[in-house]
């Protein structure tokens, strides 16, 4: 592979990874559990310390099949930074999420909730396709819209 | 055209299309109807089922000349996915919009409104320049900031 | 440099500049003054007419060391447009910011504040690295979340 081809490859990889995170958002909005699971490697993880961790396809299915419907999240991705190293990559992307509160949260059920934070992502190329090997969500705040993020 | 050149071309096309949607936002903020019209093909369309459809330059002019000033929208684009096929392309981009309510809406006039959704876009290259052939807006919610998107 | 290499270079430059603005956001969230200062050229400027201007490393240090902690901003970048011209570039990127009010503002201290606007940026390549030569912030609104942006 020539130097030019290698440079194009990195640009294409970063583009594919950005689109992976975008497609993830649309699949979350559609509450499309099957599509979401296919975006993870077989050993894929979704973490949000210290609240929870979902490791592997079975636990991820529980997350996406059971939890999403309750809160109907609408995620929006920004501030994407990606480092590609062959078939591995790491990255950060910020996210703003509009969702609805459920009783499990401290705020009242049925309220509009606004959350934001960023993902510490690990991506891996599997059979030519970029997937999430890990999404580690670092929360800035998760609050009712009525109360806001101050204080 | 070599294979490398073709790959660069796709990356450049996607970059140009992303910038088209960004420039659209700035033109909306400036309420620059002329700039907005130039971003559409002659047969360009803006749809939001089932509420309205604007087809062709004359109807689009009515949209951008008469409606924008009332609501002063500030749109922000995210989650962009693009498929390029020669001089045609399709894509999705999510949008968050801050605007002001007018009386035509059910919420009180003069209120802060927050909307989000995504565009199902069709892009076409005309004389070397990417334009919108269709923007089909799929609304997630359009609500007063005071009330929020739950319920 | 071949034509292909020049085209790849522009794509890489735009990618690096987009990541610069993203990394800026993460450094703001971390309140990492040292990292922020390194992202500016020695004669770098941050302007927001008519409220304030910070020119050069010493004034920028005052901005990032003293002001950020008070308001704890969480910025999110969108709508990025970039024109590269050799080692110079200009661009626009929109930003939504979640922050907390301090007493200097007209709204009450400790309130959730939401701001948005866009940067008129000037970027410069210094020793192979893209930096901000100027960030000129054009504010759309800076309001308490409780009051919103209408009226």
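Residue numbers (the working numbering), protein chains in the order written: chain A, 1 to 151; chain B, 1001 to 1151; chain C, 2001 to 2151. Idealized CB from N, CA, C, for every residue including glycine.
Problem set entry | Cross-chain neighbours of residue 1012(B) in chain C, by beta carbon under 9 Å | Listed by position along chain C, the residues whose Cβ is nearer than 9 Å to that of residue 1012(B) are 2007, 2010 and 2011.
Problem set entry | Where the beta strand (DSSP E) containing residue 1094(B) begins and where it ends | Run containing residue 1094(B): 1088-1100, per the beta strand (DSSP E) assignment.
Problem set entry | Where residue 2021(C) sits in the DSSP three-state scheme | In the structure shown, the three-state DSSP call for residue 2021(C) is helix.
Exercise. Any beta-carbon of chain B closer than 8 Å to the one on residue 2149(C)?
Worked result: Yes, because at least one Cβ of chain B sits closer than 8 Å to the Cβ of residue 2149(C).
Problem set entry | Residues from the region 73-84 of chain A in contact with chain C, defined by Cβ distance under 7 Å | Taking 7 Å as the Cβ-Cβ cut-off against chain C, the residues of the region 73-84 of chain A that qualify are 78, 79, 80 and 81.
Exercise. Nearest-angstrom Cα distance between residue 28(A) and residue 18(A)?
Worked result: Here the alpha carbon of residue 28(A) sits roughly 16 Å from the alpha carbon of residue 18(A).
Problem set entry | Member of 2046(C), 2100(C), 2060(C) and 2089(C) whose CA lies at the smallest distance from the CA of residue 2070(C) | Ranking 2046(C), 2100(C), 2060(C) and 2089(C) by Cα distance to residue 2070(C) puts 2100(C) first.
Exercise. Is the CB-CB distance between residue 60(A) and residue 44(A) below 8 Å?
Worked result: Remark: C-beta atoms of residue 60(A) and residue 44(A) approach each other more closely than 8 Å.
Exercise. Beta-carbon of residue 2064(C) versus every beta-carbon of chain B: anything under 8 Å?
Worked result: Judged by the 8 Å Cβ criterion, residue 2064(C) is not in contact with chain B.
For this session: Please check if any C-beta of chain B sits within less than 8 Å of the C-beta of residue 102(A).
Result: No - not a single Cβ of chain B is within 8 Å of the one on residue 102(A).
Problem set entry | Cβ-based neighbour list, residue 2049(C), same chain, cut-off 8 Å, excluding 5 preceding and 5 following | Closer than 8 Å at the Cβ level, and outside the excluded window around residue 2049(C), lie 2136.
Exercise. When the Cα atoms are used, what is the spatial distance from residue 1117(B) to residue 1096(B)?
Worked result: For residue 1117(B) and residue 1096(B), the gap between their C-alpha atoms comes out near 7 Å.
Exercise. Can you tell me the Cα-Cα spacing of residue 1031(B) and residue 2024(C), whole angstroms?
Worked result: Residue 1031(B) and residue 2024(C): Cα-Cα distance of roughly 29 Å.
Problem set entry | Stretch-stretch touch, CB-based, cutoff 8 Å, three pairs: the region 35-44 of chain A with the region 120-132 of chain A | The region 35-44 of chain A, when compared against the region 120-132 of chain A, does touch it at the 8 Å Cβ threshold.
Exercise. So is residue 1002(B) buried or exposed if we call it buried at 16+ other beta carbons inside 10 Å?
Worked result: Exposed, by the Cβ-count rule.
For this session: Can you have a look at residue 13(A) and say buried or exposed, based on whether 16 or more other CB atoms are within 10 angstroms of its CB?
Result: Within a 10 Å sphere around the beta-carbon of residue 13(A) sit 16 or more other beta-carbons, which makes this residue buried.
Exercise. How would you write the range of the alpha helix (DSSP H) that residue 2057(C) sits in, first residue to last?
Worked result: That run of the alpha helix (DSSP H) goes 2056-2062.
For this session: Pull out every residue of the region 13-26 of chain A whose Cβ sits closer than 9 Å to any Cβ of chain B, in chain order.
Result: If the cut-off is 9 Å between Cβ atoms, the region 13-26 of chain A has 15, 18, 19, 21, 22, 23, 24, 25 and 26 near chain B.
Problem set entry | C-beta neighbour in chain A for residue 1094(B), strict 8 Å | Yes, because at least one Cβ of chain A sits closer than 8 Å to the Cβ of residue 1094(B).
Problem set entry | Rounded Cβ spacing between residue 146(A) and residue 1148(B) (contact assumed at less than 8 Å) | Right, their Cβ atoms sit about 7 Å apart.
Exercise. Is the CB of residue 1056(B) under 8 Å away from at least one CB in chain C?
Worked result: No, residue 1056(B) does not count as interfacial toward chain C.
Exercise. Can you list, in chain order, the residues of its chain whose CB lies under 6 Å from that of residue 64(A), leaving out five sequence neighbours each side?
Worked result: Answer for residue 64(A): 33 and 36, listed in chain order.
Problem set entry | residue 2083(C) in three-state terms, based on DSSP | Residue state, collapsed to three classes: strand.
Exercise. Which residue's Cα is closest to the Cα of residue 1079(B): 1021(B), 1010(B) and 1004(B)?
Worked result: The residue from 1021(B), 1010(B) and 1004(B) with its alpha-carbon nearest to that of residue 1079(B) is 1021(B).
Problem set entry | Under the three-state DSSP convention, the category residue 2078(C) falls into | The answer is strand: DSSP assigns residue 2078(C) an E or B state.
Exercise. Residues in its own chain within less than 8 Å of residue 111(A) by CB, not counting five upstream and five downstream?
Worked result: Excluding its 5 nearest sequence neighbours in each direction, residue 111(A) has C-beta neighbours in its own chain below 8 Å: 100, 101, 144, 145 and 146, listed in chain order.
Problem set entry | Close Cβ partners of residue 1083(B) (< 8 Å) along its chain, the five nearest in sequence each way excluded | Counting only residues of its own chain and dropping the five nearest sequence neighbours on each side, residue 1083(B) has a CB closer than 8 Å to the CB of 1089, 1090 and 1091.
Exercise. In whole angstroms, what separates the C-alpha of residue 1052(B) from that of residue 1129(B)?
Worked result: Distance between the alpha carbons of residue 1052(B) and residue 1129(B) is about 27 Å.
Problem set entry | Candidates 2006(C), 2074(C) and 2141(C): closest to residue 1098(B) by CA position | Closest option to residue 1098(B), judged by alpha-carbon separation, among 2006(C), 2074(C) and 2141(C): 2141(C).
For this session: Using three-state DSSP, classify residue 49(A) as helix, strand or coil.
Result: Coil.
For this session: Find the residues of chain B that neighbour residue 146(A), judging by a C-beta separation of less than 8 Å, and give them in chain order.
Result: Chain B residues near residue 146(A): 1148.
Exercise. Do you know how far the Cα of residue 2009(C) is from the Cα of residue 9(A)?
Worked result: C-alpha separation (whole angstroms): 13 Å.
Problem set entry | Straight-line gap, residue 134(A) to residue 2058(C) (C-alpha atoms, nearest Å) | Approximately 40 Å between the Cα atoms of the pair.
Problem set entry | Under 8 Å from the C-beta of residue 2123(C): neighbouring residues of chain B | None at all; the shortest Cβ gap to chain B is about 15 Å.
For this session: Give the interface partners of residue 2139(C) over in chain B, defined as CB-CB distance under 9 Å, in chain order.
Result: The contacting residues do not exist; residue 2139(C) stays about 11 Å from chain B at best.
Problem set entry | Residues that residue 126(A) bridges to, as DSSP identifies them | According to DSSP, residue 126(A) bridges with 129(A).
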